[in-house]
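Peer 1: Counted the way the numbering used here counts, the sequence shown spans residues 25 to 265.
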Amino acid sequence: MILRINRYVIHNLKDLIKSGYLFAGLIAACVPAIVMTSFILNGNKPFTIKHVSNFYCMLGMLAAVLMPLSFINRDYSAKTISLINNLVQNRRNYVLANGFIALSIGLLYTMTGIVLLLMTKLLGVPGDLKISFLAGFSVNILLLVMAYFLFGYLLFLYGLRSGAVYGILTATMLFFPNALANAKGLIENKFLSELIENFPGYFFPIMVGSNPLSPLQYTIGLLTFIVLFAVVLRKSGRIEG
Numbered sequence: 025m026i027l028r029i030n031r032y033v034i035h036n037l038k039d040l041i042k043s044g045y046l047f048a049g050l051i052a053a054c055v056p057a058i059v060m061t062s063f064i065l066n067g068n069k070p071f072t073i074k075h076v077s078n079f080y081c082m083l084g085m086l087a088a089v090l091m092p093l094s095f096i097n098r099d100y101s102a103k104t105i106s107l108i109n110n111l112v113q114n115r116r117n118y119v120l121a122n123g124f125i126a127l128s129i130g131l132l133y134t135m136t137g138i139v140l141l142l143m144t145k146l147l148g149v150p151g152d153l154k155i156s157f158l159a160g161f162s163v164n165i166l167l168l169v170m171a172y173f174l175f176g177y178l179l180f181l182y183g184l185r186s187g188a189v190y191g192i193l194t195a196t197m198l199f200f201p202n203a204l205a206n207a208k209g210l211i212e213n214k215f216l217s218e219l220i221e222n223f224p225g226y227f228f229p230i231m232v233g234s235n236p237l238s239p240l241q242y243t244i245g246l247l248t249f250i251v252l253f254a255v256v257l258r259k260s261g262r263i264e265g
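(1) When you compare only the Cα positions, how much space is there between M38 and L27?
(2) Would you identify the three-state DSSP class for Y182, choosing helix, strand or coil?
(3) Just the C-alpha distance for F157 and P236, rounded to the nearest angstrom, thanks.
(4) Is P236 helix, strand or coil by DSSP?
(5) Which class does G44 belong to by DSSP, given the choice of helix, strand or coil?
(6) Would you kindly work out how many angstroms separate the C-alpha atoms of C81 and K74, rounded to a whole number?
(7) How many angstroms separate the CA atom of Y177 from the CA atom of G67?
(8) Can you tell me the Cα-Cα spacing of S260 and Y226, whole angstroms?
(9) Buried or exposed, going by whether 16 or more other CB atoms sit within 10 Å of the CB of V251?
(10) On the criterion of 16 or more Cβ atoms from any shown chain inside 10 Å, does I125 qualify as buried, or is it exposed?
(11) Which residues in the same chain as V232 place their Cβ atom closer than 7 Å to its Cβ, once the five residues preceding and following it in sequence are excluded?
(12) Buried or exposed: P150, going by 16 or more other Cβ atoms within 10 Å of its Cβ?
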């Protein structure tokens, strides 16, 4: 039996809505941003709309990455993955279907973030909200979600359990970038500093809600996505049913 990509995607997206996980993730993303907005409007601190976008991305991006991975974890935990691995075409379709789910969730978080930023701007939060910033914000989110989703998928393919996968993703998205930022501030060597600055594990989480990336960083980010996607497809194709 061939796995139908559209049916798989629609069925699992409906499950996300019915279970409430989709809305819970969006709430987890929006609450810190709303609190920051309230703090800016009621205080005298020199915070801007970029602080709101950063707070939105802080937990929002982690939720957006973990959500599509929950289906892969479900299938591996329940051993239903063996029914999918019986055909090479099914393995490829499974990768593509879950990729579409991750992309759909990334788009939803992008649109929600843009609406949130437009509303905070209307409420009087200072800072420029130019088209270039919103475009960079959108591309940053989509590249980050897809790259970290594929990274997490690859960890599952190499046999790691869900606790380890989620722990690694949480560390690499929330804590590791801050450690690199601190190290970058202490490094006087220009080459090493630029190396950290152009490392996707640094610029994706650090800059996703702050600024559009540089052309070099977008190139590296796109290449990272392509390489991860190719590796996941190759690794999936080698799994025996």
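Backbone N, C-alpha and C define an ideal beta-carbon position, used for all residues, glycine too.
Peer 2: In short, the structure shows the following:
(1) Before going on, a small fix: residue 38 reads as Lys here, not Met. Here the alpha carbons of L27 and K38 stand approximately 17 Å from one another.
(2) Y182: coil per DSSP, three-state reduction.
(3) Rounded to the nearest angstrom, the two C-alpha atoms are 6 Å apart.
(4) The answer is coil: DSSP assigns P236 none of H, G, I, E or B.
(5) If DSSP states are grouped into helix, strand and coil, G44 belongs with coil.
(6) Cα to Cα, the separation comes out at about 11 Å.
(7) For Y177 and G67, the distance between alpha carbons rounds to 43 Å.
(8) Roughly 27 Å between the two C-alpha positions.
(9) Classified as exposed, V251 has fewer than 16 neighbouring CB atoms from the shown chains inside 10 Å of its CB.
(10) Counting of Cβ neighbours within 10 angstroms places I125 among the buried residues, the total reaching 16 or more.
(11) Excluding residues up to 5 positions away in sequence, C81, M85, N164, I165, L168 lie with their Cβ nearer than 7 Å to the Cβ of V232 in the same chain.
(12) The residue is exposed, with fewer than 16 neighbouring Cβ atoms inside 10 Å.
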